[in-house]
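Asker:
In this note's numbering, the protein residues as written are 13 to 264.
1) CA-CA distance, residue 212 and residue 118?
2) Along the alpha helix (DSSP H) that carries residue 92, what are the first and last residues, could you check?
3) Within its chain, find whatever has a CB closer than 7 Å to the CB of residue 103; leave out the 5 residues flanking it on each side and keep chain order.
4) Taking only the alpha-carbon atoms, compute the straight-line gap between residue 262 and residue 217 and give it to the nearest angstrom.
5) Alpha carbon to alpha carbon, how far is residue 93 from residue 243? Give it in angstroms, no decimals.
6) Hey, quick one: how far does the beta strand (DSSP E) through residue 123 stretch, first residue to last?
7) I'd like the span of the alpha helix (DSSP H) that includes residue 259, first residue to last.
8) Determine the closest residue to residue 255 out of 133, 150, 85, with distance taken between C-alpha atoms.
9) Between the C-alpha atoms of residue 148 and residue 124, what's the straight-line distance to the nearest angstrom?
10) Could you give the distance in angstroms between the alpha-carbon of residue 157 and the alpha-carbon of residue 106?
11) Rounded to a whole number of angstroms, what is the C-alpha to C-alpha distance between residue 135 and residue 152?
12) Given a threshold of 16 other Cβ atoms within 10 Å of its Cβ, counted over all protein chains shown, does residue 252 qualify as buried or as exposed?
13) Alpha carbon to alpha carbon, how far is residue 162 from residue 222? Give it in angstroms, no decimals.
14) Taking 6 Å as the limit between beta carbons, can you name the residues of its chain near residue 275, skipping five residues before and five after?
15) My assumption, with CB atoms under 8 Å, is that residue 95 sits in contact with residue 110. Please give the rounded CB distance.
16) Note the first and the last residue of the continuous beta strand (DSSP E) segment covering residue 252.
17) From what residue to what residue does the beta strand (DSSP E) around residue 103 run?
18) I need the DSSP call for residue 145, collapsed to helix, strand or coil.
19) For residue 159 and residue 129, what's the separation of their Cα atoms in angstroms?
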């Protein structure tokens, strides 16, 4: 009896291998090709904001496990429309510009990373207190995905201009600024002959924790079939609602 069960299990495994390696990837590829956002261009953030679009949202992932995907839509006046499709490779930021069409105007995203999926991740809400920070002239809103967390970074990142004489807090300093080069000692000319240089105003960036993203750990049989999956512990609320893979593909 045991031999029959083992033989049946062996046959089912052999039959399932072509299905796993051929049928499922084919379905995923076809759905991706038919998706309305599959061929959308992506903004690389290098160009200035197009005319009439006075807000921007940027995304950056430092999680090195694989690509991170956010499929976003804008909701306003009881309607919604497709907004942008972010495909984030580690340490490669992307940016999208927009102008709110009405109030309230909300941008929701579906988030996917390494077999983990979330829905209704809010990246802009015109009624939120931080919404004005998403304007291009104020630096735009930037989202950082780091170590299983999602952060909102606002404010301008100024790289030029002298540092004020007053002490600058850590949140305002630019860690990427080069150290001052050594130079000759200052001359002893009268103070009246030196023009008074007003320190350039500096605006520090503010980094705020939005919440956690869902991450699972799975063991695999034969390196293919996942089993015994568990959700990693997290200490803050998730930034969206957990959904499955099929809902990710077929729901907005």
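C-beta atoms are modelled at their ideal positions from N, C-alpha and C, and glycine is treated no differently.
Answerer: If we stick to the structure as given:
1) One-based indexing of the chain shown puts residue 212 at position 200. One-based indexing of the chain shown puts residue 118 at position 106. Because the pLDDT of residue 212 is 42, which lies under 50, any placement of that residue in the model is unreliable, and the question is left without a value.
2) For the purposes of this step, residue 92 is taken as residue 80 along the chain shown, with counting starting at 1. Note, residue 92: premise wrong, no alpha helix (DSSP H); beta strand (DSSP E) at 91-100.
3) Taking the first residue of the chain shown as position 1, residue 103 is located at position 91. Contacts found: 74.
4) One-based indexing of the chain shown puts residue 262 at position 250. One-based indexing of the chain shown puts residue 217 at position 205. C-alpha separation (whole angstroms): 37 Å.
5) Taking the first residue of the chain shown as 1, we reach residue 243 at position 231. Taking the first residue of the chain shown as 1, we reach residue 93 at position 81. Distance between the alpha carbons of residue 243 and residue 93: 32 Å.
6) Translated into positions along the chain shown, residue 123 becomes position 111. Segment 117-125, the beta strand (DSSP E) holding residue 123.
7) Sequence index remark: in the chain shown, residue 259 carries index 247 (1-based). Counting along the chain, the alpha helix (DSSP H) containing residue 259 begins and ends at 257-262.
8) Sequence index remark: in the chain shown, residue 255 carries index 243 (1-based). Checked all of 133, 150, 85; the closest Cα to residue 255 is 133.
9) Your numbering for residue 148 matches position 136 in the chain shown. Your numbering for residue 124 matches position 112 in the chain shown. The straight-line gap from Cα to Cα measures roughly 27 Å.
10) Start at 1 with the first residue of the chain shown, and residue 157 comes out as number 145. Start at 1 with the first residue of the chain shown, and residue 106 comes out as number 94. About 13 Å.
11) In the chain shown, residue 135 corresponds to position 123, counting from 1. In the chain shown, residue 152 corresponds to position 140, counting from 1. Separation of residue 135 and residue 152 (C-alpha to C-alpha, rounded to the nearest whole angstrom) is 11 Å.
12) Looking up residue 252 in the chain shown gives position 240. Burial call: buried.
13) Stepping through the chain shown from its first residue, residue 222 is reached at position 210. Stepping through the chain shown from its first residue, residue 162 is reached at position 150. When rounded, the distance between both Cα atoms is 5 Å.
14) The shown model of the chain, from 13 to 264, leaves out residue 275, and the question about it has no answer.
15) Residue mapping note: residue 95 aligns to position 83 of the chain shown, counting from 1. Residue mapping note: residue 110 aligns to position 98 of the chain shown, counting from 1. The Cβ separation is near 7 Å, so the contact holds.
16) The count along the chain shown starts at 1 and reaches residue 252 at position 240. Here residue 252 belongs to no beta strand (DSSP E), and DSSP marks it neither H nor E.
17) Position 91 of the chain shown, counted from the start, is the residue given in the question as residue 103. Residue 103 -> no beta strand (DSSP E), and no H or E assigned at all.
18) Here residue 145 refers to the residue found at position 133 when the chain shown is read from its first residue. Looking at residue 145 - three-state DSSP - the assignment turns out to be helix.
19) To locate residue 159, count along the chain shown from 1; it is residue 147. To locate residue 129, count along the chain shown from 1; it is residue 117. Rounded to whole angstroms, the gap between the alpha carbons of residue 159 and residue 129 is 16 Å.
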